[in-house]
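What follows is a set of notes on a single structure, which appears directly below.
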Amino acid sequence: MLLPPLLHLAIAFAPAPALPPPVVAAAIVEAARLWAPYGVDVRPAPPGGPAPDAVTLTVVAARPTAADRLRAPGALAAIEFDAGGLPRPEIAVYAGDVRDFIAHARVLGASDAQWPRAMREQILGRAVGRVLAHEIGHYVLATRGHAAHGLMRAAQAPDDLVAPNRRGLGLSQADVARLSGRTNLGPAPEAGP
Ligand SMILES: [Zn+2]
């Protein structure tokens, strides 16, 4: 089921440290595909200023600090919450860690050393996009919580980040309900008499 967009998000990758433009472009396309079925429109921020009709999320291709590693071992990205418990519109993606994490995954029977450069950028973009989509989930659902399965699971397997299909990367029923409550538009899926 495809809902009309309820929420518009403009993704602005910070210029430094830079990721190759094809990786950034592929990441935003991937995050957009994962969120479109839930009425969340994800697109690149326009150059030179915030989009007037969208919430801008800034994405930094950061390296985790030692404190970040202690707080969330193995995390591939992070989003900060303010003192009131609301997420800030800033996401750190640990792109180098994502690259290492997927290094031994196989796509179409080949591992990364065998991938041509354009394919490597496409696959890294896909993986970064899936990691980004998870953090977008923390933002739009306004929760640090995780689901047992799907996009909001606490940890993904390398193959789930690189697989050509998006099976197993959906939202749980509870998260769908939470999302429609948050945006205050449309009935919750389980609404009844
Ligand atoms: Zn998470």
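For our numbering, count along the sequence shown from 1 and bump the result up by 9. The C-beta atom is built at its ideal place from N, Cα and C for all residues, glycine as well. The structure displayed is predicted, hence computed values, not measured ones.
| query | result |
| --- | --- |
| Taking residue 172 as the reference, which of 137, 155, 34 has the closest Cα? | 137 |
| Any idea what DSSP makes of residue 18, helix, strand or coil? | strand |
| Can you list the alpha helix (DSSP H) stretches of 4 or more residues lying completely in the region 112-154, in chain order? | 126-150 |
| Rounded to the nearest angstrom, what separates residue 70 and residue 47 at their Cα positions? | 26 angstroms |
| If you scan the region 21-74 from start to end, which runs of the alpha helix (DSSP H) of 4 or more residues do you find wholly inside it? | 30-44 |
| Just the Cα atoms here: how many angstroms apart are residue 32 and residue 100? | 16 angstroms |
| With DSSP as the reference, please indicate the residues paired to residue 102 in a beta bridge. | 86 |
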